[in-house]
Amino acid sequence: MARSHAALLLLLVGAIAASGYQYQRDSVGSTFFLQHDLYPGSKMTLHFSPTAPGVPALTRARADAIPFASAKIREILALFSIPAGSPAADAVRFTLAECEAPPVPGVAAQRCATSPEAMVDFAASWLGTRAIHAGTTRLGSSRDGGAAAPPRQAYVVESVRPLPVVGRDMVACHSLPYPYAVFGCHTTTAAVFRVALAGADGSRAEALAACHKDATPGIPWPTYKKLGVTPGSVAVCHFLPQDGKLWMRN
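Read in order, the letters of the sequence shown correspond to residues -20 to -1, 1 to 230 in mature numbering (1 follows the signal peptide of the UniProt record, and there is no 0).
Dropping the structure here:
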């Protein structure tokens, strides 16, 4: 690997690490609300975290030829010229640990895909068909024409449109911090809505909202207490981050 390319990857994985940790703390994926609060005219404060820049997506053949295991961490760090003990190295360890963790109770299936082909194959396998499509959250431009992710701010819901989910089950995938594109995928069930949002700064978003009626491992237990509801009693919702994909049958 060329030194300049390795340096670029080092910068990228550092940026991904920052956005990945930000996603856990303060993004639309970690902001929960009740389904009955999702209606035109409702207001909520949201943060659409920026997506990681320029991370390459590898073909399946190329990805499968690269070690991807905690036991090979030294080899992986050396391959991408990532210094041990750096934030970028921590990001690599984090993703490998996430991908090697045992299945989350209550989730039918989960896996990490190291290529877009592997992600599609996993989704198609669990949905029982290759006639599938991915829903995503899309950000529009602001008043000044910029397309960068807006800051945490107030949004007004302009419209809410339910999307048909054939069979009710789906596969959700989100990006994980790594030198190349890695997707953490798992099965899920939810009602899905396409929501048009208008930000206080003039920015706009077409966000995908997933509302879970059943108690789901993806929603922390303290969230139910904060919302004042019992798990499984009402639908609890969250928006899909920009780097997420929700695979559904056509």
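Just so it is clear, CB atoms sit at the ideal spot from N, CA and C, and this is done for glycine as well.
Contact set for Val146: own chain, Cβ-Cβ below 8 angstroms, skip 5 residues either direction: Excluding residues within five positions, the ones whose Cβ falls inside 8 angstroms are Met228, Arg229, Asn230.
Kindly confirm or deny that the region 89 to 97 and the region 156 to 174 touch, where touching means at least three C-beta pairs closer than 8 angstroms. These segments touch.
If you draw a straight line from the alpha carbon of Met24 to that of Arg148, how long is it in whole angstroms? Cα to Cα, the separation comes out at about 27 angstroms.
Can you say whether Val84 is buried or exposed, counting buried as having 16 or more other CB atoms within 10 angstroms of its CB? Counting the other CB atoms within 10 Å of its CB gives Val84 a total below 16, which places it among the exposed residues.
Using a Cβ-Cβ cutoff of less than 7 angstroms, which residues in the same chain neighbour Pro63 once the five nearest sequence positions on both sides are dropped? Cβ contact annotation for Pro63 (same chain, cutoff 7 angstroms, sequence separation greater than five): Ala69, in chain order.
Please classify Gln133: is it buried, with 16 or more other beta-carbons within 10 angstroms of its beta-carbon, or exposed? Flag for Gln133 reads exposed.
Taking the beta strand (DSSP E) that Lys225 falls in, what are its first and last residues? Its beta strand (DSSP E) spans residues 224 to 229.
Would the region 71 to 80 count as touching the region 42 to 58 if we require 3 or more Cβ pairs under 8 angstroms? Touching, yes, given that three or more Cβ pairs across the two stretches are closer than 8 angstroms.
Which residue comes first and which comes last in the alpha helix (DSSP H) that contains Pro67? Counting along the chain, the unbroken alpha helix (DSSP H) around Pro67 starts and ends at 67 to 80.
Compute the Euclidean distance between the alpha carbons of Gly126 and Gly179, then round it to the nearest angstrom. With a pLDDT of 47 at Gly126, under the threshold of 50, the modelled position of that residue is not reliable, and no figure is offered here.
Specify, as a first and last residue, the run of the alpha helix (DSSP H) that Leu57 falls within. Where Leu57 is concerned, the enclosing alpha helix (DSSP H) starts and stops at 53 to 59.
Which residues does DSSP pair with Pro142 in a beta bridge? According to DSSP, Pro142 bridges with Phe173.
Taking the alpha-carbon positions, what's the Gly108 to Asp181 distance? Cα to Cα, the separation comes out at about 43 angstroms.
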